[in-house]
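Just so we're aligned, residue 0 is where the sequence shown starts under numbering that gives the first Met the number 0, counting upward by one.
This report refers to the structure that appears directly beneath it.
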Amino acid sequence: MVTDEMVAAYQRDGVVLVKGLFADWVKVLRAGVERNMAEPSAQVMATLKPGEAGRFFDDYCNWTRIGEFEQVIRASGAAAAAARLMGSERVQLFHDHVLVKEPGTTKATPWHTDGPYYFVEGRQTVSFWVPLDPVREASLRCVAGSHLWEKDVLPTRWMSETDFYPEAGDYMPVPDPEAEGMRVLEWEMEPGDAVAFHYRTLHGARGNTSTTRRRAFSLRLVGDDARYVARPGPTSPPFPGHGMQPGDRLRADWFPYLL
């Protein structure tokens, strides 16, 4: 399912579409998302300010308590596809993430890169963003080649629009890709397709102005060179009490090897 051309595109652009990667698992993932929304974790995040239209459900790190997610993570072809795209022998689970934008949720997901929020760094990283409803008017958008930028993009808090860490550090300001003429990639997608993108790839998402909900399941994986890195404050996800030191591989009892 992952061709040499797709691997080359991923390495060059930091993002590629993998058609049908989770096609056989859409019903299972939909059931898991319904369970997750009915029983959100303590990690569920506020995403809309008072008065903003719609509902944007955002929760993560639920694979240990929602069996449907664990089944897909362990039994689907995601790990093998990740290994090909990353050029890695081994694949570790980092975390899962559910995002649901109900109809009329006009707020866009701001441009950002995931890497600075995480406590892991490495060249071999991949996120799969998997829609569980047809994608036409609301779509994930990625800036081609941004994973190769010299500096990380400044992480911010979306609600308060403040810096995520108490000290800004050596980051570049969040760019405006359209105003700056950057190459933005997005696709119409069917349920079970997957956008694969690097943790350092700049991305955002349109608001959902359609009449149907948009459910998406995301899966974050890492490869051979991924290592724990200390950040200047609590990360997202935080994983309190992990006990890792800078330079360590992610502990396998919390972040299991899938390959």
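All C-beta atoms in this analysis are idealised placements derived from N, C-alpha and C, irrespective of residue type, glycine included.
Assess, as a yes-or-no matter, whether the stretch 112-119 is touched by the stretch 57-66 under the definition of 3 or more beta carbon pairs within less than 8 Å.
no
Less than 9 Å between the C-beta atoms of Gly222 and Met5, yes or no?
no
Can at least three beta-carbon pairs, one atom from the stretch 246-256 and one from the stretch 92-104, be found at a separation below 8 Å?
yes
Return helix, strand or coil for His94, following the three-state DSSP convention.
strand
Take the Cβ of Gln244 as the centre, count every other Cβ of all protein chains shown within 10 Å, and call the residue buried at 16 or more, exposed below.
exposed
Do Gly206 and Leu20 have their C-beta atoms closer together than 9 Å?
no
Classify Arg213: buried if its beta carbon has 16 or more other beta carbons within 10 angstroms, exposed otherwise.
buried
Supposed close pair Ser145, Thr200 - CB separation, criterion 8 Å
5 Å
Whole angstroms are fine: how far does the CA of Ala82 sit from the CA of Tyr117?
20 Å
Do the CB positions of Ala193 and Trp128 come within less than 9 Å of each other?
yes
Hey, out of Leu16, Met0, Glu38, Gly203, whose CA is closest to Pro174's CA?
Gly203
Where does Asp23 land, buried or exposed, given buried means 16+ other C-beta within 10 angstroms?
exposed
Identify which residue in Ser75, Trp186, Arg219, Asp12 has its Cα closest to the Cα of Tyr135.
Before going on, a small fix: residue 135 reads as Arg here, not Tyr. The residue with the shortest Cα to Cα distance from Arg135 is Trp186.
Who are the near neighbours of Val25 in its chain, counting only those whose CB is closer than 7 Å to its CB and skipping five residues on each side?
Leu131, Pro190, Gly191
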